[in-house]
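Just so we're on the same page, the working numbering is the position in the sequence shown counted from 1, plus 6. Structure first, then comments.
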Amino acid sequence: MANLSVRFLGVRGSIATSHDAQRLVGGNTACLEICTDETRIIVDAGTGLRTLGNERLAAGIKHSTILLSHLHWDHVAGLPFFAPIYIPGHRVHIATGPNGTMPLEQAMQRLFVAPFFPVEYATVAEQLVLRELAPRETFMIGDITVTMAKLNHPDPVYGFRFEHDGQTIVYATDTEHYACVDPTLKKLAAGADILIYDAQYTPAEYPSKVGWGHSTWAAGADLARAAGVPQLVLFHHDPDRTDVQVAAIEADARANLPGTVAAREGMILLANDAQSMSAPSVSVTPVANNGQLTALI
Ligand SMILES: [Zn+2]
Ligand SMILES: [Zn+2]
């Protein structure tokens with residue numbers, strides 16, 4: 007069975023960091039790769055995207071697909087430094103849901119505009135293929151089925167469920183839990199093997215951050231338990247958090263939900279490995295696609 011895996015290239019939230027005490031976790035912002043043998047989907051384009059672009063050029067890969075959860079800086083800052091978008095003959099598909107403010111192309115143009123950046127959008131437009139998705143769309147990218155759901159954040163944000171050959175990874179960051187498990191997210195994550203979740207704040211910090219659009223490891227554990235997910239991955243680490251502090255949060259979360267791990271740059275997780283962990287024993291009904299899947303790429 008072909009493996010469904012996730013590779014983390016940037017795990018930090020809000021802004022990139024660089025500090026000796028943060029080397030193990032890493033300082034790049036949100037970027038990861040969801041892979042099977044045939045398909046690679048880049049998810050979010052934070053500063054972790056830069057090295058991935060160089061890697062793809064070196065490997066001769068001329069086609070990239072990037073799904074964006076939303077357009078906050080920490081999720082798009084790597085795009086102007088993703089080398090393939092400057093090279094004629096390369097194709098970079100970028101897809102996301104409605105941002106509630108402006109069309110996707112207009113938003114992309116604002117990433118490449120003086121006085122903030124010296125290269126004009128026209129330079130990269132030829133290589134880009136932009137697609138605005140419906141908020142609840144389900145579609146195929148290669149051999150991976152992707153289902154979207156809108157989450158809780160100050161600007162619209164989307165979570166993604168990736169399925170391949172009986173394996174499932176869910177990505178849900180920049181989302182706030184408020185007082186209970188989000189029913190939309192519970193449905194999106196139902197029966198998944200791995201849940202990557204926003205854990206920017208500790209439960210002690212959260213009361214002073216209500217409305218900021220982020221969550222905690224404890225809310226992630228509640229969600230994983232409710233959705234029957236064996237492996238919770240803590241993601242979107244606060245920029246001030248040191249390696250020691252992330253490890254302490256990871257230990258607290260593991261005491262609550264044993265399969266929990268904190269995301270670190272360079273880490274690779276396989277859905278198959280998570281399947282061998284004991285899932286919380288709840289009855290969940292995984293989301294079913296509507297049988298009208300379209301191929302996005
Ligand atoms: Zn973010
Ligand atoms: Zn955000």
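Beta carbons: idealized from backbone N, C-alpha and C, even for Gly.
{"query": "C-alpha distance - A204 paired with G52, whole-angstrom precision", "result": "Per the sequence presented here, residue 204 reads as Asp, with Ala not at that position. Their backbone Cα atoms lie some 15 Å apart in a straight line."}
{"query": "Rounded separation between R1 and D171 - CA only", "result": "In this structure the chain extends from 7 to 303, so residue 1 is not present and cannot be described."}
{"query": "Segment contact, 8 Å Cβ cut-off, at least three pairs: the segment 198-217 with the segment 144-152", "result": "no"}
{"query": "8 Å Cβ cutoff met for E138 and H159", "result": "no"}
{"query": "F118 - DSSP class collapsed to helix/strand/coil", "result": "coil"}
{"query": "Range of the contiguous beta strand (DSSP E) that encloses L229", "result": "Element bounds for L229: not the beta strand (DSSP E) but the alpha helix (DSSP H), 223-233."}
{"query": "First through last residue of the beta strand (DSSP E) which encompasses A101", "result": "97-102"}
{"query": "Coil, strand or helix - K156 by DSSP", "result": "strand"}
{"query": "beta-carbon H243 near ligand 1 non-hydrogen atom, thresh 7 Å", "result": "no"}
{"query": "Start-to-end residues for the alpha helix (DSSP H) that takes in Q251", "result": "249-262"}
{"query": "Alpha-carbon spacing of N9 relative to F118, whole angstroms", "result": "37 Å"}
{"query": "Near ligand 2: H183 beta-carbon under 7 Å from a heavy atom", "result": "no"}
{"query": "Entirely enclosed beta strand (DSSP E) segments - the segment 66-92, minimum 3 residues", "result": "69-73"}
{"query": "Per DSSP, cross-strand counterpart(s) of R18", "result": "T35, H243"}
{"query": "Length of the line joining the Cα atoms of A261 and P90", "result": "43 Å"}
{"query": "Cβ pair A233, A210 closer than 8 Å", "result": "no"}
{"query": "Close-in-space but distant-in-sequence residues of the same chain around V1 (CB under 8 Å, 5 per side omitted)", "result": "Summary: the structure shown does not reach residue 1, with the chain confined to residues 7 through 303, and so no result is reported for it."}
{"query": "Span of the alpha helix (DSSP H), counted from its first residue to its last, around L194", "result": "189-195"}
{"query": "Proximity of Q133 and H99 at Cβ, strictly below 8 Å", "result": "no"}
{"query": "For E61, three-class secondary structure by DSSP", "result": "helix"}
{"query": "Sequence-distant residues of the same chain with beta carbon closer than 6 Å to C41, five excluded per side", "result": "S11"}
{"query": "Other residues of its chain near Q115: CB distance less than 7 Å, five sequence neighbours each side excluded", "result": "Y127"}
{"query": "Cβ neighbour criterion (16 or more within 10 Å) applied to R29", "result": "exposed"}
{"query": "Helix, strand or coil at E111 [DSSP, three-state]", "result": "helix"}
{"query": "Cβ-Cβ separation, P162 to G106 (assumed contact under 8 Å), whole Å", "result": "5 Å"}
{"query": "Proximity below 8 Å, CB of N34 to CB of L63", "result": "no"}
{"query": "CB contact flag (R167, T190, <8 Å)", "result": "no"}
{"query": "S20 Cβ short of 7 Å to ligand 1 heavy atom set", "result": "yes"}
{"query": "Through-space distance from K156 to F241, alpha-carbon basis", "result": "18 Å"}
{"query": "V331 CB to nearest heavy atom of ligand 2 below 7 Å", "result": "What the structure shows of the chain is the stretch from 7 to 303, and residue 331 is not part of that stretch, so it cannot be assessed."}
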